[in-house]
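Everything on this sheet refers to the single structure shown next.
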Amino acid sequence: MLREVSNKDISLPGLFVTEPADLPFMQGVEVRSYLIKTDNGSIVIYNSPGLSQDKNAIVELGAPSALLMSHWHEAMYKAPELDVTAYVATSDLSQTRASMSGVVDLATYSGSNNAIEIISTPGHTAGFSMFLWTCGAHRVLFSGDMIWSHHNRWEAVVLDESNRQHYISSLETIAELDFDVLVPWVSMRGEQHTILSDKLSARHKILKIIERLKGDEVA
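The letter at position 50 of the sequence shown is residue 50 when you use full-length UniProt numbering, and the numbering goes up by one with no holes.
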């Protein structure tokens, strides 16, 4: 069931989350999509099966104008059963189109009054992007699976296709951002999928990831 993001730690009015779905190759890991309600409908962050599962509630919330994908791996779930244009960065476009037709270059996205800042963060994939959104006093970073919480530790996901040096450089950029809420695409079942932090703690956790990656670790 589509629901507004609110728990004992944080309330984010205007941000909605779909039902979770399993990540097929990692036991106990789930993916979700998020919807930001706008004056003209909604904007979807991340592709997941929950978009089709919750399609009626999504349309009632406000027809989505765009689906912003962080990277091409989200295309494994195919296109959702919604009338929405999907966007992904240029370097991930051809791989995304192999599984999802009609996907558009993220560089052409004009946005809804520039409510969402698109941040190019290559590393996990060549065209990875993160999204930064302001909700009241909170700054929300949608980090895909380039930064996620694994057993309550912020980690990276370095794959064979990943570029370690680009990953480190992107994380160094993100470490300087002002944000206090992390919203990854993936989360451990039973753990928080919307993670409240503060700027200093977030920076410290990201610098620890960088330290591990420089030591040839993969997370």
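Even glycine gets a Cβ: it sits at the ideal position worked out from N, Cα and C.
Counting along the chain, where does the beta strand (DSSP E) carrying E4 start and finish? Unbroken beta strand (DSSP E) run through E4: R3 to S6.
Any alpha helix (DSSP H) of 4 or more consecutive residues that is wholly inside the stretch 91-136: Counting whole runs of 4 or more residues, the stretch 91-136 contains the alpha helix (DSSP H) stretches 93-97.
Kindly confirm or deny that the stretch 70-88 and the stretch 109-127 touch, where touching means at least three C-beta pairs closer than 8 Å. Enough Cβ pairs lie closer than 8 Å, so yes.
For S94, count neighbouring Cβ atoms within 10 angstroms of its own Cβ and tell me buried if that reaches 16, exposed if not. Counting Cβ neighbours within 10 Å, S94 comes out exposed, since fewer than 16 surround it.
Own chain residues within Cβ distance below 8 Å of D54, not counting five before or after: Hits under 8 Å: M1, L2, T18 and E19.
Using a Cβ-Cβ cutoff of less than 8 Å, which residues in the same chain neighbour D9 once the five nearest sequence positions on both sides are dropped? The residues are Q192 and L196.
Nearest-angstrom Cα distance between H71 and F128? C-alpha separation (whole angstroms): 5 Å.
Beta carbon of Y34 nearer than 8 Å to that of L15: Cβ distance < 8 Å, so Y34 and L15 count as in contact.
Checking 8 Å against the spacing of the C-beta atoms, do P122 and N56 come in under that value? Pairing P122 with N56 gives a Cβ-Cβ distance that is not under 8 Å.
Residue range of the alpha helix (DSSP H) that L207 falls in? Taken as a continuous stretch (DSSP letters only), the alpha helix (DSSP H) holding L207 covers K199 to K214.
Could you check what DSSP says for E155 in three-state terms: helix, strand or coil? DSSP, reduced to helix, strand and coil, places E155 within a strand of the structure shown.
Could you compute how far the alpha carbon of W148 sits from the alpha carbon of A126? If you take the alpha carbons of W148 and A126, they lie about 18 Å apart.
Strictly by DSSP, which residues pair up with D9? Per DSSP, none; premise fails for D9.
Taking I147 as part of the beta strand (DSSP E), name the residues at either end of that continuous run. For I147, no beta strand (DSSP E) encloses it, and the DSSP letter there is neither H nor E.
Rounded C-alpha distance that separates N40 from L67: Between the alpha carbons of N40 and L67 lies a gap of roughly 14 Å.
Three-state secondary structure assigned by DSSP to M76: In the structure shown, M76 sits in a helix (DSSP, three-state: H, G or I).
On the DSSP letters alone, give me the boundaries of the beta strand (DSSP E) that T38 sits inside. Start and end: Y34 to T38.
Where A89 falls: helix, strand or coil (DSSP): Coil.
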